[in-house]
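Peer 1: Chains as they are written, first to last, in numbering that gives the first Met the number 0: chain Z, 0 to 249; chain Y, 0 to 430.
Cβ coordinates follow ideal geometry from the N, Cα and C atoms, glycine included.
Quick caveat, the model's predicted, so the values are computed rather than measured.
Have a look at this one.
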Amino acid sequence: MSTPALSIREITKSFGQTAIIRGVSLDIAAGERHAIIGPNGAGKTTCFNLISGRFPITSGEIHLNGIRIDHLPPHKINRMGLSRSFQITSIFQRLSVFENVRCALLWSRGYRYSFWSPLWRQRELNEQADVLLEDLNLHTRRDIPAGLLSYAEQRALEIGMTIAGGASVILLDEPTAGMSNTETDYAMELIRRVTKGKTLVMVEHDMKVVFDLADVITVLVYGQVIASGPPEAVRANPAVQEAYLGALVE
Amino acid sequence: MTGMIGKSWLWVAAVALAVLLPWCFYDFHTGRQSGFVLSMLGQMGMMIILALSYNMLLGQSGLFSLCHATFFGMGGYAMVHFLNAAGDGDLPVPMELMPLLAGLASLALAVVFGYMATKQRATAFAMITLGIGELMATAALMFHHFFGGEGGVSTNRTINNSLFGLTYGPSIQVYYLIVAWTFIAALAMFFLTKTPLGRMANATRDNFERAQFMGYDPRMVRFLQFALSGLFAGIGGGLYAVTYEIVTFDALAAPLSANALLMAYIGGTTVFGGPVLGAVLITLLQSGVSLMSNSWLVYVGVLFICMVIFAPSGIAGLILGHRPIVRAGKLGQLVVPYIRVLIPGLLLVLGFVGLVELTSFLTIGAAQGKTLKLNGNEIDVHATMPWLISAVALIGGGAWLWLEARYFRRVWDGLMADLKAADGKAVRVLA
Numbered sequence: 000m001s002t003p004a005l006s007i008r009e010i011t012k013s014f015g016q017t018a019i020i021r022g023v024s025l026d027i028a029a030g031e032r033h034a035i036i037g038p039n040g041a042g043k044t045t046c047f048n049l050i051s052g053r054f055p056i057t058s059g060e061i062h063l064n065g066i067r068i069d070h071l072p073p074h075k076i077n078r079m080g081l082s083r084s085f086q087i088t089s090i091f092q093r094l095s096v097f098e099n100v101r102c103a104l105l106w107s108r109g110y111r112y113s114f115w116s117p118l119w120r121q122r123e124l125n126e127q128a129d130v131l132l133e134d135l136n137l138h139t140r141r142d143i144p145a146g147l148l149s150y151a152e153q154r155a156l157e158i159g160m161t162i163a164g165g166a167s168v169i170l171l172d173e174p175t176a177g178m179s180n181t182e183t184d185y186a187m188e189l190i191r192r193v194t195k196g197k198t199l200v201m202v203e204h205d206m207k208v209v210f211d212l213a214d215v216i217t218v219l220v221y222g223q224v225i226a227s228g229p230p231e232a233v234r235a236n237p238a239v240q241e242a243y244l245g246a247l248v249e
Numbered sequence: 000m001t002g003m004i005g006k007s008w009l010w011v012a013a014v015a016l017a018v019l020l021p022w023c024f025y026d027f028h029t030g031r032q033s034g035f036v037l038s039m040l041g042q043m044g045m046m047i048i049l050a051l052s053y054n055m056l057l058g059q060s061g062l063f064s065l066c067h068a069t070f071f072g073m074g075g076y077a078m079v080h081f082l083n084a085a086g087d088g089d090l091p092v093p094m095e096l097m098p099l100l101a102g103l104a105s106l107a108l109a110v111v112f113g114y115m116a117t118k119q120r121a122t123a124f125a126m127i128t129l130g131i132g133e134l135m136a137t138a139a140l141m142f143h144h145f146f147g148g149e150g151g152v153s154t155n156r157t158i159n160n161s162l163f164g165l166t167y168g169p170s171i172q173v174y175y176l177i178v179a180w181t182f183i184a185a186l187a188m189f190f191l192t193k194t195p196l197g198r199m200a201n202a203t204r205d206n207f208e209r210a211q212f213m214g215y216d217p218r219m220v221r222f223l224q225f226a227l228s229g230l231f232a233g234i235g236g237g238l239y240a241v242t243y244e245i246v247t248f249d250a251l252a253a254p255l256s257a258n259a260l261l262m263a264y265i266g267g268t269t270v271f272g273g274p275v276l277g278a279v280l281i282t283l284l285q286s287g288v289s290l291m292s293n294s295w296l297v298y299v300g301v302l303f304i305c306m307v308i309f310a311p312s313g314i315a316g317l318i319l320g321h322r323p324i325v326r327a328g329k330l331g332q333l334v335v336p337y338i339r340v341l342i343p344g345l346l347l348v349l350g351f352v353g354l355v356e357l358t359s360f361l362t363i364g365a366a367q368g369k370t371l372k373l374n375g376n377e378i379d380v381h382a383t384m385p386w387l388i389s390a391v392a393l394i395g396g397g398a399w400l401w402l403e404a405r406y407f408r409r410v411w412d413g414l415m416a417d418l419k420a421a422d423g424k425a426v427r428v429l430a
């Protein structure tokens, strides 16, 4: 078996006395579309925060393509090929839509902290940003401040910014939260298109999205994995039905 | 790219204005430009550099620094020592390049302090810079060799080393040195806003976590912006030293840091040129109004408070807010509303100025043995009438303005709604 794209070994996370993540282990193969589901407060978003380096883990190990990444700061993890989106839209409100996308391209295109290359002369970079805007169907909104986009457009922009850097592992935190049915269908189509060939891990509440998109589903309850496997197996798992439906009812 | 070309006429106009303005105040009796005007314009140049470099932090990076004068002052002190060394023949650098040396000295200091301060952002950053400012102010009084204590350090700018054979004795030559460096610095800072670093500074300002998850270390972005802004402030300080040939504690103390903040904020932090407007306005107040009134700082303070409350995007923001209306050719519809707010506004200002001046002449003015004069007529500050008139103007003007302001807002909102309905497009991004 080849090295998993993302390998999580017995990670735990406590805030003070409270253990939020209580020993989670997961192997996510390259190219897999992996959904993490679970009731509210199960620690799904915390898991993402630990993987992406936003919070330090309390114990355990995380490997990205075989390289240990826990205790690295987020920007270093990102440079190694892992990118994430946020549950609450996280974009540059005051910059134009185009600038948002262009910023997301900069590091991976090798510009780093350059204060000597004028952006307006980087033809290739600017073209790439425009192409991505068309992919996202945001090209007609190119020059307005991103903060003025509609909610669904902002979510699309964030997905675009998450994949722009060419990361091989993409974490999406509830990409369709708060969307109408049509918007959700569009967002799913977009996610499918732009994450083609990449490893996708997402936290999602919408079961339709989960069962449509995911190859593997992991169920997280109170900071522990209670089931992980293909959709049909997870759906049929009595423990999942009890924990998950029970939590949904209350 | 269009931004660079589209606004280039502004740069050309500004250069032309700066070059020609002293000649509008040519005194045929002495055969020289007015000394007062030259020194005020020169001061404006330095303050423009100070305010623009401060805005690299405040407006562009969202960093609220309270020690910007540290780097201006450092440039000044370093320049004095460079000039002294050059005068002794130990530093064979032409005068035209000396301000860059001063800038590099400040850059070195900004690298050290920036390493400390930029570890944090927001309030913690502001606290650290406050500490740095106080630290440097104390150091300036303690280390006499470099800072000269309370008396400061002085120099002689005629070092007899120039690329163009100039002596830099006459003020006009120094003025053109300031003009040249102000434009070099302003252009360089403008260029920086168009580079990956400049853009990521805006990005980390808006959302540092997102920037981080795109591969950028927000601390590194802050650090580079801080260091570079120190470089430019130092160039400004160097020009200060050349102009006055003496640098004291004032050039790096907290009041000048506050001034940098005032100029950038009043001018407008959201537009590149905003701080230039602020620097020009504050310098005008400082040089002009300070001659007429003891209380000029009161006016600057009130202006600042009013801007923060009513126009947080500054003068530049106010001007640019009119852009959509101008584009639609509807500016004419604002003329009457403007006149209607201007008249009570003027009354309000006159009433306020009246009260402030009366109070000031009652206390400080009396102590200095001065009398309050209006158009040459002496005004008795102990009489009831001037106080009454001022108070009525202030209160009446205020109430009237309040009414007219509501009318103005209605017209403005109506125009904006029309424009929005007309093209359905949102206002284009300013930054």
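List the residues of chain Y that Z/C46 touches, going by C-beta distances under 8 Å, in chain order.
Peer 2: Contact annotation for Z/C46 against chain Y: no contact, minimum CB-CB distance about 16 Å [criterion: below 8 Å].
Peer 1: Which residues, taken in chain order from the segment 82–98 of chain Z, show a beta carbon closer than 7 Å to some beta carbon of chain Y?
Peer 2: S82, R83, S89, I90, F91, Q92, R93, L94, S95 and E98
Peer 1: Answer yes if the segment 198–217 of chain Y comes into contact with the segment 75–83 of chain Y, meaning at least three C-beta pairs across the two stretches below 8 Å, and no otherwise.
Peer 2: no
Peer 1: So, helix, strand or coil for Y/V410, using DSSP?
Peer 2: Three-state result, Y/V410: helix.
Peer 1: For Z/M201, which residues does DSSP report across the bridge?
Peer 2: Z/A34 and Z/L171
Peer 1: So is Y/W8 buried or exposed if we call it buried at 16+ other beta carbons inside 10 Å?
Peer 2: exposed
Peer 1: Would Y/D26 be called buried (16 or more neighbouring beta carbons within 10 Å of its own) or exposed?
Peer 2: exposed
Peer 1: Taking only runs that begin and end inside the segment 58–132 of chain Z, name each unbroken beta strand (DSSP E) of 3 or more residues, in chain order.
Peer 2: 58–63 and 81–83
Peer 1: With a threshold of 16 other CB atoms inside 10 Å of the CB of Z/S58, please say whether the residue is buried or exposed.
Peer 2: exposed
Peer 1: Under the three-state reduction of DSSP, which class applies to Y/L186: helix, strand or coil?
Peer 2: In this structure, Y/L186 counts as helix in the three-state DSSP scheme.
Peer 1: Is the CB of Y/D431 under 9 Å away from at least one CB in chain Z?
Peer 2: Residue 431 of chain Y lies beyond the residue range present for chain Y, which begins at 0 and ends at 430; the question has no answer from this structure.
Peer 1: Could you pull out every residue in the same chain whose Cβ sits closer than 8 Å to the Cβ of Z/L94, ignoring the five residues on either side in sequence?
Peer 2: C102, P144 and A145
Peer 1: Given that Z/G37 touches chain Y, what residues does it touch there, using C-beta distances under 9 Å?
Peer 2: Here the premise fails: no neighbours, minimum Cβ distance about 23 Å.
Peer 1: Determine the DSSP secondary structure at Y/V270, reduced to helix, strand or coil.
Peer 2: coil
Peer 1: State the DSSP-derived secondary structure class of Y/L429, mapped to helix, strand or coil.
Peer 2: Because Y/L429 sits at a pLDDT of 40, beneath the cut-off of 50, its placement in the model cannot be relied upon, and the point is left open.
Peer 1: Would Y/A240 be called buried (16 or more neighbouring beta carbons within 10 Å of its own) or exposed?
Peer 2: Buried, by the Cβ-count rule.
Peer 1: In the DSSP assignment, what are the bridge partners of Z/I27?
Peer 2: DSSP output for Z/I27 lists Z/L5 as bridge partner(s).
Peer 1: Within 10 angstroms of the Cβ of Y/S228, are there 16 or more other Cβ atoms? Answer buried if so, exposed if not.
Peer 2: By the C-beta density criterion, Y/S228 is buried, having at least 16 other C-beta atoms within 10 angstroms.
Peer 1: In the DSSP assignment, the alpha helix (DSSP H) including Y/S7 goes from what residue to what residue?
Peer 2: S7 to L19
Peer 1: Return the chain-ordered list of same chain residues with a C-beta closer than 8 Å to the C-beta of Z/L219, the five sequence neighbours on each side being excluded.
Peer 2: V23, I35, I36, G37, A41, G42, K43, C46 and I225
Peer 1: Can you have a look at Y/L283 and say buried or exposed, based on whether 16 or more other CB atoms are within 10 angstroms of its CB?
Peer 2: Its Cβ having fewer than 16 others within 10 Å, Y/L283 is exposed.
Peer 1: Strictly by DSSP, which residues pair up with Y/I245?
Peer 2: Y/S153
Peer 1: Once DSSP output is grouped into helix, strand and coil, what is the label at Y/V313?
Peer 2: It is worth fixing the name first, because residue 313 of chain Y is Gly in this sequence and not Val. It is helical.
Peer 1: Run through DSSP, which three-state label would Y/G61 get?
Peer 2: Secondary structure of Y/G61 (DSSP, three-state): coil.
Peer 1: Taking Cβ-Cβ distances below 8 Å as the criterion, which residues of the segment 94–115 of chain Y are in contact with chain Z?
Peer 2: So nothing in the stretch comes that close.
Peer 1: Just tell me which of Y/A253, Y/S312 and Y/S289 has its CA closest to the CA of Y/T69.
Peer 2: Y/A253
Peer 1: Under a three-way DSSP split, which group does Z/I19 fall into?
Peer 2: strand
Peer 1: Give, in chain order, every unbroken run of the beta strand (DSSP E) that is at least 3 residues long and sits entirely within the segment 322–380 of chain Y.
Peer 2: 371–373 and 376–378
Peer 1: Give the DSSP-derived three-state secondary structure of Y/K118 in the structure shown.
Peer 2: Here Y/K118 sits in coil by DSSP.
Peer 1: Suppose you measure from the CA of Y/A107 to the CA of Y/G74; what does that come to, to the nearest Å?
Peer 2: Roughly 10 Å between the two C-alpha positions.
Peer 1: Which partner residues does Y/Y25 have in the DSSP bridge list?
Peer 2: In the DSSP secondary-structure assignment, Y/Y25 is bridged to Y/Q32.
Peer 1: May I ask you to verify whether the segment 179–191 of chain Y touches the segment 152–167 of chain Y, counting CB pairs closer than 8 Å and requiring at least 3?
Peer 2: Taking 8 Å as the limit for Cβ pairs, the verdict is that the segment 152–167 of chain Y does not touch the segment 179–191 of chain Y.
Peer 1: Beta-carbon of Z/T194 versus every beta-carbon of chain Y: anything under 9 Å?
Peer 2: no
Peer 1: Would you say Z/N64 reaches chain Y, if we count a Cβ-Cβ gap shorter than 9 Å as a contact?
Peer 2: no
Peer 1: Hey, would you say Z/S107 sits closer than 9 Å to Z/V168, going by beta carbons?
Peer 2: no
Peer 1: Should Y/A210 be flagged as near chain Z, meaning a C-beta pair shorter than 9 Å?
Peer 2: By the rule that beta-carbons nearer than 9 Å mark a contact, Y/A210 touches chain Z.
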